[in-house]
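Residue numbers (our numbering): 2 to 159.
All remarks here apply to the structure that follows.
If you want it as structure tokens, here you go:
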């Protein structure tokens with residue numbers, strides 16, 4: 002039986018996604034949070050901070066790309082079996098408009114799920130004073146790492 006993209010996920014799957022997300026040091030560093038977890042669809046929100054900007058004051062493409070990559074990865078992960086993990090094989094992103102505003106939201110959506118490789122569509126929106134603008138689109142290929150689980154969260158240096 003095929004999973005319906007956008008449908009509700011089992012509580013165990015959602016927890017597995019949230020636990021994995023918490024192990025990503027970069028997402029914590031960026032201040033990114035999971036805002037939605039559904040079957041084959043995940044969104045990640047990143048509020049603006051000056052540390053995330055580039056020389057013109059927009060969100061830096063590195064942060065924009067990072068949340069897009071993670072949103073697609075976790076969208077795929079919602080469809081993967083237990084005792085597996087996800088890894089990006091490749092992704093391409095097009096920056097369409099300046100990424101400016103209060104926050105960015107990346108949405109990853111599975112286009113085709115396979116046993117080993119999964120393809121996702123990526124979109125990133127800027128929220129600026131109640132206005133939503135598409136700032137980036139992309140495509141991604143992910144691999145299901147059967148029998149491999151995430152590494153433990155690294156300890157903080159200090």
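Glycine residues also receive a C-beta, built at the ideal position from the N, C-alpha and C atoms.
Bounding residues of the alpha helix (DSSP H) (the contiguous stretch that carries residue i)
i	result
residue 140	It is not in any alpha helix (DSSP H) - residue 140 instead sits in the beta strand (DSSP E) that spans 132-147.
Proximity winner among the options, relative to residue i (alpha-carbon distances)
i	options	result
residue 36	76, 26, 51 and 30	76
residue 99	148, 145, 54 and 9	54
residue 119	86, 67 and 125	86
residue 145	70, 40, 89 and 102	89
residue 97	128, 137 and 74	137
Euclidean distance between Cα positions of residue i and residue j
i	j	result
residue 2	residue 62	Note that residue 2 scores a pLDDT of 40, beneath 50, so its modelled location is shaky; the value from the coordinates is reported in the next line. Distance between the alpha carbons of residue 2 and residue 62 is about 38 Å.
residue 15	residue 79	7 Å
residue 117	residue 38	21 Å
residue 94	residue 84	30 Å
residue 72	residue 26	15 Å
residue 52	residue 153	27 Å
residue 9	residue 109	15 Å
residue 47	residue 148	31 Å
residue 130	residue 13	36 Å
residue 18	residue 11	11 Å
residue 134	residue 45	16 Å
residue 128	residue 121	22 Å
residue 64	residue 126	13 Å
Cβ neighbours of residue i in the same chain (closer than 6 Å, five flanking residues each side left out)
i	result
residue 170	Given that the chain is displayed from residue 2 to residue 159, the structure contains no residue 170 and the question cannot be resolved.
residue 114	80
Spatial neighbours of residue i in its chain, beta-carbon cut-off 7 Å, leaving aside the 5 residues before and after
i	result
residue 67	27 and 31
residue 139	69, 92, 93, 94, 95 and 123
residue 6	40, 41, 42, 110 and 111
residue 49	60, 102, 103 and 104
Close beta carbons around residue i, own chain, < 8 Å, minus the five adjacent residues each side
i	result
residue 150	84, 85 and 86
Residue-level contact to chain D via CB, residue i, 9 Å cutoff
i	result
residue 147	Among the chains in the structure shown there is no chain D, since it carries only a single protein chain.
Residue range of the unbroken beta strand (DSSP E) whose run includes residue i
i	result
residue 107	104-114
residue 35	34-39
residue 89	85-96
Three or more C-beta pairs below 8 Å linking the stretch 13-23 and the stretch 56-63:
no
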